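Numbered per mature numbering (1 follows the signal peptide of the UniProt record, and there is no 0), the sequence shown spans residues -30 to -1, 1 to 256.
These notes concern the structure reproduced below.
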Amino acid sequence: MKKMFIMGLFLLVLAGCGNTAQTSSNSAQAKPEKKAETTVVKRTKSAVPTLFIHGYSGTENSFGGMLKRLEKSDIAKKEVLMKVSPVGEVTLTGQLSGKKDNPLIQVLFEDNKNNEWSQTEWLYNCLATLKKAGINQVNLVGHSMGGVSGLRYLMTYPNDETQPQILKFVAIGAPFNDFLDTSESQSVADLLKNGPNEVSSRYQDYQNLVGNLDQKIQILLLAGQLDQNNFSDGTVPLTSALSVNALLSQTNKVTSKIFYGANAQHSQLHENKAVDQAVANFLWPQ
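Here's what the structure looks like:
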């Protein structure tokens, strides 16, 4: 069955002839995406903040480079740093201007090696703080465990009046099916259409909670693959990062993208300019 997965990926690469491939909830087969452009693109600006959530052992550097590049390109502007103490207390540096400049908020967990359940609770505290400040809508971007806890948050706290509405959610290299690799027993197309044929307890939690998910939330899943013989980003299996595509597509609009090569390595995904563009195009389309 490994040959089946290899053939699926090979066809994707042939179709794209580039460094990315994509699929949406309307199609299980990945479609090619144009190579990242270097020119500055004018976008419609909004006052809706976007929170960036790091993964396990993450620091300010985890999303620092991406936020700086988005600012330099005049796509968005970092306005707030939110730090969460080990007991869940939130402190803010900076303030939201209220301007339509696509404001960015970087979230830092001081206990950066805690589990996804703690991160979920801490994210709840961050959003409650924003709601009290009059923020009614936000976007979420999570890398690795930040994506895992982000999705768990979305499914755990539906219709909570103390929380702002989530408009869009981006997960980058998130191990939604833990570190299970099902590439030997199913193709990419089968995974995207039907979900993983082996599931972890984490994935089972998502199956049980998916009915809570706000169907209006738009979702982007980003995954990395080092080469045609390594179906992972070096840390998270490709099949895990894309495992929830079929599950979430039952109710929500979902787009999945695969990035290839050395720049698709797990810790390089948020340093990859093609990933920058994918995130920007999704959150703030032209």
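Using N, Cα and C, we set each Cβ at its ideal position, and we do this for glycine too.
Bear in mind the structure is a predicted one, so any value in this text is a computation, not a measurement.
Buried versus exposed call for residue i [16 or more other C-beta atoms within 10 Å across all chains shown]
{"i": "residue -3", "result": "Reliability fails at residue -3, whose pLDDT of 39 lies under 50, so the model's placement of it is uncertain and the value that follows must be treated cautiously. The residue in question, residue -3, is buried, as its Cβ has 16 or more Cβ neighbours within 10 Å."}
{"i": "residue 193", "result": "buried"}
{"i": "residue 152", "result": "buried"}
{"i": "residue 106", "result": "exposed"}
{"i": "residue 216", "result": "buried"}
{"i": "residue 22", "result": "buried"}
{"i": "residue 154", "result": "exposed"}
{"i": "residue 33", "result": "buried"}
{"i": "residue 156", "result": "buried"}
{"i": "residue 232", "result": "exposed"}
{"i": "residue 92", "result": "buried"}
{"i": "residue -29", "result": "The predicted position of residue -29 is uncertain, since its pLDDT is 44 and thus under 50; a value taken from the coordinates is nonetheless stated next. Classification for residue -29: exposed."}
{"i": "residue -22", "result": "Its pLDDT being 46, under 50, residue -22 is placed unreliably by the model, and the measurement read from it follows with that caveat. Buried is the call here."}
{"i": "residue 199", "result": "exposed"}
{"i": "residue 254", "result": "buried"}
{"i": "residue 171", "result": "exposed"}
{"i": "residue 5", "result": "Annotation note: pLDDT 49 at residue 5 (below 50); position unreliable, no value reported."}
{"i": "residue 250", "result": "buried"}
{"i": "residue 305", "result": "Absent from the structure is residue 305, since the part of the chain shown begins at -30 and ends at 256."}
{"i": "residue 185", "result": "exposed"}
{"i": "residue 182", "result": "exposed"}
{"i": "residue 7", "result": "Residue placement at residue 7 is poorly supported in this model, since its pLDDT is 47, which falls under 50; the coordinates still yield a value, given next. It is exposed - the Cβ of residue 7 has fewer than 16 other Cβ atoms within 10 Å."}
{"i": "residue 3", "result": "Only weak support is given to the placement of residue 3: the predicted model assigns it a pLDDT of 44, under 50, and the question is left unresolved by the model."}
{"i": "residue -1", "result": "Low per-residue confidence applies at residue -1: pLDDT is 42, beneath 50, and the placement is therefore not dependable, though the value from the model is reported in the following sentence. Counting Cβ neighbours within 10 Å, residue -1 comes out buried, since at least 16 surround it."}
{"i": "residue 248", "result": "buried"}
For residue i, the nearest candidate out of the options (CA to CA)
{"i": "residue 238", "options": "224, 255, 206", "result": "206"}
{"i": "residue 218", "options": "49, 102, 140, 38", "result": "140"}
{"i": "residue 73", "options": "12, 49, 63, 88", "result": "49"}
{"i": "residue 40", "options": "63, 116, 76, 57", "result": "76"}
{"i": "residue 160", "options": "255, 204, 46, 214", "result": "214"}
{"i": "residue 203", "options": "65, 113, 44, 184", "result": "113"}
{"i": "residue 201", "options": "228, 19, 121, 181", "result": "228"}
{"i": "residue 68", "options": "199, 47, 57, 52", "result": "47"}
{"i": "residue 252", "options": "119, 149, 109", "result": "109"}
{"i": "residue 66", "options": "51, 185, 57, 56", "result": "51"}
{"i": "residue 17", "options": "226, 78, 137", "result": "137"}
{"i": "residue 54", "options": "71, 78, 31", "result": "78"}
{"i": "residue 234", "options": "37, 245, 224, 226", "result": "245"}
{"i": "residue 142", "options": "120, 124, 150, 158", "result": "120"}
{"i": "residue 266", "options": "122, 225, 149, 19", "result": "Look at the range of the chain in this structure, -30 to 256, and you will see that residue 266 is not part of it."}
{"i": "residue 86", "options": "145, 150, 42, 256", "result": "145"}
{"i": "residue 242", "options": "35, 223, 211", "result": "35"}
Span of the beta strand (DSSP E) around residue i
{"i": "residue 193", "result": "188 to 195"}
{"i": "residue 201", "result": "Residue 201 -> no beta strand (DSSP E), and no H or E assigned at all."}
{"i": "residue 219", "result": "Careful: residue 219 lies outside any beta strand (DSSP E), inside the alpha helix (DSSP H) at 215 to 219."}
{"i": "residue 61", "result": "60 to 64"}
{"i": "residue 209", "result": "Unbroken run through residue 209 is the alpha helix (DSSP H), 208 to 211; no beta strand (DSSP E)."}
{"i": "residue 76", "result": "73 to 79"}
{"i": "residue 227", "result": "224 to 230"}
{"i": "residue 45", "result": "Careful: residue 45 lies outside any beta strand (DSSP E) and carries neither H nor E."}
{"i": "residue 21", "result": "20 to 23"}
Where the alpha helix (DSSP H) through residue i begins and ends
{"i": "residue 33", "result": "30 to 42"}
{"i": "residue 176", "result": "171 to 179"}
{"i": "residue 57", "result": "Element bounds for residue 57: n/a, residue is neither H nor E."}
{"i": "residue 162", "result": "158 to 164"}
{"i": "residue 253", "result": "243 to 253"}
- [ ] At 3 residues or longer, and completely inside the stretch 95 to 156: list those beta strand (DSSP E) runs for me, N to C.
- [x] You should have 107 to 113, 135 to 142, 146 to 149.
- [ ] Pair every Cβ in the stretch 150 to 167 with every Cβ in the stretch 121 to 136, then say whether three or more of these pairs are closer than 8 angstroms.
- [x] In short, these stretches do not touch, since the Cβ pair count stays below three.
Task: the stretch 174 to 185 in contact with the stretch 94 to 110 per 3-pair CB rule at 8 angstroms - done: Using a C-beta cut-off of 8 angstroms, the stretch 174 to 185 makes no contact with the stretch 94 to 110, since fewer than three inter-stretch Cβ pairs fall below that distance.
Open item on the list: Three or more C-beta pairs under 8 angstroms: does that hold for the stretch 72 to 90 against the stretch 19 to 27?
Closed with: With the cut-off at 8 angstroms, the stretch 72 to 90 and the stretch 19 to 27 touch.
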